[in-house]
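Protein chains in written order, with full-length UniProt numbering: chain A, 1 to 222; chain B, 1 to 215; chain C, 1 to 344.
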Amino acid sequence: MTTQFVSSTALIRALGLIACICGIIIVGVYEGTLDAVNANKKIALDRQIFKVLPGAKSVQAYDALPGGISPAGDHESPSGAIRFYAAYDATGKLMGIAAEGSSAGYADQVRVLYAYDPDKQVITGLGVITMRETPGIGDKILVDHDFIHNFVALDVALTSDMKTLANAVKTVKHGTKANPWEVDAISGATVTSKAVGRGINQSAAILLPRLVPHISQLRSKS
Amino acid sequence: MSTLISNFDEFMDGLWKQNPIFVMMLGMCPTLAVTVSAVNSISMGLATTFVLTASCLLISILRHIIPKEVRIASFIVIIATFVTVVDYSIQAISLELYDALGAYIKLIVANCILLGRAEAHAARMPPVPATLNAFGMGLGFTLGLLAIGGVREIFGAGKLFGIALFGPHFQPWVVMVLPPGGFFVLAGWLILFSGIRANKQRKIEAELALKGAKA
Amino acid sequence: MSQIELRTAPHVHAPRSVETIMFNVVLALLPLCFFSVWQYGLSSAVLILAVTATCLGVERVFSSQSGKGNTLGDWSATITGILLALTLPPNFPLWMGVVAGFAAMALGKAIFGGLGYNPFNPALVGRAFVQSAFPSTIASFIPAFAPQRFAEFSPSTLTMPLMIPTDNTAWIKAAGIDAFTGATPLARWKFENFTYTAHDFLSGAVTASAGETSAILILLCGAYLAVRRFMDWRIPVAVLGSAALVAWAFQLYNPAHFPSPLFVLLSGGLMLGAVFMATDMATSPVTPLGIWIYGALIGVLTIMIRYFGGLTEGVMYAILISNAASPLIEKFTQPRTYGARSKL
């Protein structure tokens, strides 16, 4: 067998040619699809927000920082900030706040989106962004009527100094809900139910003390 | 005429005789991971078909330019390019589909069908048969995924292509949408096909024995 | 014309065959079946019959397909069927019982080549399949000793094939049993830190599959098999002993959180698993040291899965994992041939 020696320049030339062809293809496709991809992402998020806040017509993203709130740009949130969304009705009046909570479930992180009503200081809706819970058990949190009913008016009022939640949101065993800040777990899907309660509690405990003192900034659409 | 027939053979090769899933057992990772429903299976299959066909065409065109020493690197770059193309396109077309297929779109690049076909076929063949063969392989892969995904969706959700088959009181078989279900269904199809093959073989042998006895 | 058989020693003939052993295991299982029927009535009876019939049917089809003829006479399919049925809730829908039986025989046994070639205990393969297919159904129970148990089936038993099990709530209410939780002792321990006393178990005051409520009976039946040498007594001793030992160590460490060894032995399927499933001859090691290692592995794994795993009960997977490990255990515990030098 004869060994053919190929010069390094030939190898580099060949690889360079291929890299050029591939680069052109990728850049072309990226440019071509960028707008559609971003539009799609926005639609998906809006759809979730409109689901937990029915009747909302437009949505604006904000970042909650320790010192206050500021409108979010297209870029990533600064570190330590919590992203939330203010939803407005057709007349530009604030309908509610949507924010994300996440906590470890049975299989993976359960990420939920909850709706907050600043006037009544309660959570008024729940949607799931992602989860990988056992089908037929954990994913009951989407359909179980009793469980969803927990989030019609879940109490997340702040203490009078607006520093912490007056009562931490807590998941309790099925059938033992006694207070408006408790989440009645689904029997047989306790782990997932607890993950939802914990996710909301953690997120609300940080977000609401930052948000509520400045809620007047959001009253009407900017 | 003969080229036409041989081209058709190239196409049919992957579709049936050399089916990537049931005969060559290539690309098992997406086979087990994304075949939860028929729609997912078809989308994954078509995405792979596109990447396979496009990259085999390009590799076949460039086959005299690519030196032997750097062929694997070149193949992977070309395959990765088309995977990226598919990735962006699916994101642009439908986010639901993109979420359902998840990381597996990007993992098409690691699917051994692609490198395997590039190395074994496209790098040695002119563009027309290479493309046809790749297209056949891709469709064969899609068919295999659909066979698994269909069964898993029927038992796992009581549906096929999202249409309920058994009414609202159907009890889903959770195991079918979990990874073990993929193994069970794949094994079931493999047993069926090897049973058919063994039967055929037995018939041929019996015929030969009969002929031998007559002679 | 008779032929003279030439054989080497020993010439002692034991009147014992696979059939004899298996038949005696079936005999030893019958009291458990009767106990289950007495506790749960008609539903339990038809479940045992349906699962066993499915196992026999699948065995028949596969054995004739593979040209082995009729292998029902070796009783192994009967054992698989009864054992499988005893691990299921007595109110398990019949159609799911049929699925379990099919999975046990087809997945657990036939595809490996039939009796003696299966690496896993077929009954447990069947149970593992339905546990992962129908996780919520397999965790819902009816109360024992419901007054109407001999007059009517539990509603879920007669669920139409492929459909969601019918709700049992009304039936349980009609039974008039107060404070019925529907959770097994292990589930109550895991999620509520509630432990039953030994008295609760022995009087049948707990909710569980038949194999969980009849510890004494299982031990008696096992003792019969062990005394007649139809079963290796070392395996159950190793399983129960190691489980009790580990449980005892955990209780010493934190008595408030971990239950007593007695609770561990009496709850769940540990007793049934140790006596009737871990001892399956095709799937356990034969070397003397290997037997002890195998048994201890099951006991320890069971406790680990129960205490630290996501599942409430670990016996099934502990036995399946140890089944998988038994060829390896045998390889490392080969006894030295008499006169051969040990490898250094």
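Glycine included, each C-beta is placed from N, C-alpha and C at the ideal position.
* Residues of chain C with a CB under 9 Å from the CB of Ile191/B: which are they? -> Residue numbering aside, residue 191/B sits at position 191 when the second sequence is read from its first letter. Those within 9 Å of Ile191/B in chain C are Ile111.
* Asked: Checking contacts by CB at 8 Å: is Leu162/C closer than that to chain B?
  -> Locating residue 162/C in the third sequence gives position 162, counting from the first residue. Chain B, which has a Cβ nearer than 8 Å to the Cβ of Leu162/C, makes this yes.
* **Residue from Ile18/A, Leu126/A, Phe84/A and Gly32/A whose Cα sits closest to the Cα of Ala92/B** => Translated into positions along the second sequence, residue 92/B becomes position 92. The candidate whose alpha carbon is nearest that of Ala92/B is Gly32/A.
* Using the Cα positions of Lys203/B and Asp99/B, report the straight-line distance between them to the nearest angstrom. => Working through the second sequence from its first residue, we reach residue 203/B at position 203. Working through the second sequence from its first residue, we reach residue 99/B at position 99. Approximately 48 Å, taken between the alpha carbons.
* To do: Report the partner residues of Met163/C according to the DSSP bridge assignment.
  => As a first step, residue 163/C is located in the third sequence; it is residue number 163 there, counting from the start. Bridge partners of Met163/C: Phe170/B.
* **Among Asp144/A, Val27/A and Thr176/A, nearest to Asp87/B - alpha-carbon criterion** => In the second sequence, residue 87/B corresponds to position 87, counting from 1. Out of Asp144/A, Val27/A and Thr176/A, Val27/A has the C-alpha closest to the C-alpha of Asp87/B.
* Distance between Glu313/C and Pro28/C (C-alpha atoms, nearest Å) -> In the third sequence, residue 28/C corresponds to position 28, counting from 1. In the third sequence, residue 313/C corresponds to position 313, counting from 1. Pro is not the amino acid found at residue 28/C; the sequence shown has Ala there. Distance between the alpha carbons of Ala28/C and Glu313/C: 24 Å.
* Asked: Ser58/A to Pro135/C, Cα distance in whole Å?
  -> On the first sequence, position 58 is the one that residue 58/A refers to. On the third sequence, position 135 is the one that residue 135/C refers to. Approximately 42 Å, taken between the alpha carbons.
* Show which residues of chain C have a CB atom less than 9 Å away from the CB atom of Phe166/B. => One-based indexing of the second sequence puts residue 166/B at position 166. Going along chain C in sequence order, the residues near Phe166/B (Cβ under 9 Å) are Leu162 and Met163.
* Asked: Can you find at least 3 beta carbon pairs, one from the stretch 112-131 of chain B and one from the stretch 49-59 of chain B, that sit closer than 8 Å?
  -> yes
* Give the DSSP-derived three-state secondary structure of Ala209/B in the structure shown. => Sequence index remark: in the second sequence, residue 209/B carries index 209 (1-based). Here Ala209/B sits in helix by DSSP.
* Please list the partners that Leu11/A has in chain B, where partner means a Cβ-to-Cβ separation under 9 Å. => As a first step, residue 11/A must be located in the first sequence, where it is residue number 11. The answer, in chain order, is Pro67, Glu69 and Val70.
* Of all the options Leu143/B, Arg117/B, Met125/B and Thr131/B, which has the alpha carbon lying nearest to the alpha carbon of Met44/B? -> Taking the first residue of the second sequence as 1, we reach residue 44/B at position 44. Checking every option, the nearest Cα to that of Met44/B belongs to Leu143/B.
* Asked: Within this structure, are the beta carbons of Thr54/C and Gly81/C separated by less than 8 Å?
  -> Taking the first residue of the third sequence as position 1, residue 54/C is located at position 54. Taking the first residue of the third sequence as position 1, residue 81/C is located at position 81. Contact: yes.
* How about Ala73/B: is its C-beta nearer than 8 Å to some C-beta of chain E? -> Of the protein chains in the structure, A, B and C, none is chain E.
* To do: Under 8 Å Cβ to Cβ from Lys177/A, same chain only, skipping five residues before and after it: list those, please.
  => As a first step, residue 177/A is located in the first sequence; it is residue number 177 there, counting from the start. Result list for Lys177/A: Asn150, Val183 and Asp184, in chain order.
* **Chain-ordered neighbours of Asn40/A on chain B, where CB pairs are closer than 9 Å** => Position 40 of the first sequence holds residue 40/A. Chain B residues near Asn40/A: Gln91, Ala92, Ile93, Ser94, Leu95 and Tyr98.
* **Collapsed DSSP secondary structure at Ala10/A in the structure displayed** => Along the first sequence, one-based indexing puts residue 10/A at 10. Correct three-state label for Ala10/A: helix.
* Asked: With distances taken between CB atoms, is the gap from Phe147/A to Ile186/A smaller than 8 Å?
  -> Here the question's residue 147/A lines up with position 147 in the first sequence. Here the question's residue 186/A lines up with position 186 in the first sequence. Yes, the pair counts as a contact, with Cβ atoms nearer than the cut-off.
* Determine the burial state of Ile291/C: buried for a count of at least 16 other Cβ atoms within 10 Å of its Cβ, exposed for fewer. => As a first step, residue 291/C must be located in the third sequence, where it is residue number 291. Buried, because 16 or more other Cβ atoms sit within 10 Å of the Cβ of Ile291/C.
* Asked: Can you round the beta-carbon distance between Pro155/C and Asn168/C to whole angstroms, since I take them to be within the 8 Å contact cut?
  -> If you number the third sequence from 1, residue 155/C lands on position 155. If you number the third sequence from 1, residue 168/C lands on position 168. The Cβ separation is near 6 Å, so the contact holds.
* Could you pull out every residue in the same chain whose Cβ sits closer than 6 Å to the Cβ of Trp95/C, ignoring the five residues on either side in sequence? => One-based indexing of the third sequence puts residue 95/C at position 95. Around Trp95/C: Pro161.
* **Proximal chain B residues relative to Cys22/A, where beta-carbon distance stays under 8 Å** => On the first sequence, residue 22/A is found 22 positions in, with the first residue counted as 1. Within 8 Å Cβ-Cβ: Val77, Ile78, Ala80 and Thr81.
* Considering only C-alpha positions, which residue in the set Glu207/B, Arg152/B, Val185/B and Leu139/B is nearest to Val36/B? -> Along the second sequence, read from residue 1 onward, the residue named residue 36/B stands at position 36. The shortest C-alpha separation from Val36/B is found at Arg152/B.
* With 16 other Cβ atoms within 10 Å as the buried cut-off, status of Leu139/B -> In the second sequence, residue 139/B corresponds to position 139, counting from 1. So Leu139/B counts as buried.
* Mind checking which residues open and close the alpha helix (DSSP H) that includes Met137/B? => As a working note, residue 137/B is residue 137 in the second sequence. Per DSSP, Met137/B belongs to the alpha helix (DSSP H) from Pro127 to Ala157.
* Where the beta strand (DSSP E) containing Tyr62/A begins and where it ends -> As a first step, residue 62/A is located in the first sequence; it is residue number 62 there, counting from the start. Element bounds for Tyr62/A: Ser58 to Leu65.
* So which of Ile78/B, Ala213/B, Arg117/B and Phe22/B has the shortest CA-CA distance to Arg197/B? -> For the purposes of this step, residue 197/B is identified with residue 197 of the second sequence, where counting begins at 1. Looking at the Cα atoms, Phe22/B is the closest of the given residues.
* To do: Mind reading off the beta-carbon distance from Leu137/A to Gly188/A? Whole number of angstroms is fine, and I expect it under 8 Å.
  => Indexing the first sequence from 1 puts residue 137/A at position 137. Indexing the first sequence from 1 puts residue 188/A at position 188. Note on residue identity: the sequence assigns Ile, not Leu, to residue 137/A. At roughly 6 Å, the Cβ-Cβ gap stays under 8 Å, so Ile137/A and Gly188/A are in contact.
* Going along chain B in order, which residues have a C-beta closer than 7 Å to the C-beta of Phe129/C? -> As a first step, residue 129/C must be located in the third sequence, where it is residue number 129. Correct list: Val175.
* Do Thr31/B and Leu114/B have their C-beta atoms within less than 8 Å of each other? -> As a working mapping, residue 31/B is identified with position 31 in the second sequence. As a working mapping, residue 114/B is identified with position 114 in the second sequence. Going by C-beta atoms, Thr31/B is not nearer than 8 Å to Leu114/B.
* Whose Cβ in chain C lies nearer than 8 Å to the Cβ of Gly188/A? -> Position 188 of the first sequence, counted from the start, is the residue given in the question as residue 188/A. The answer, in chain order, is Ser136 and Ala139.
* **Same chain only: Cβ atoms within 8 Å of Leu11/A, ignoring 5 sequence neighbours per side** => Here residue 11/A refers to the residue found at position 11 of the first sequence. Cβ neighbours of Leu11/A beyond the five flanking positions: none.
* Any C-beta of chain A under 8 Å from that of Val85/B -> Counting from one through the second sequence, the residue named residue 85/B turns up at place 85. Yes, Val85/B counts as interfacial toward chain A.
* Asked: When DSSP labels each residue in this structure, what does Arg149/C get in the three-state scheme?
  -> Walking along the third sequence from the start, residue 149/C turns up at place 149. Residue state, collapsed to three classes: helix.
* Rounded to whole angstroms, what's the CA-CA distance from Glu10/B to Leu62/B? Just pull it up for me. => Looking up residue 10/B in the second sequence gives position 10. Looking up residue 62/B in the second sequence gives position 62. Spanning the two alpha carbons is a distance of roughly 20 Å.
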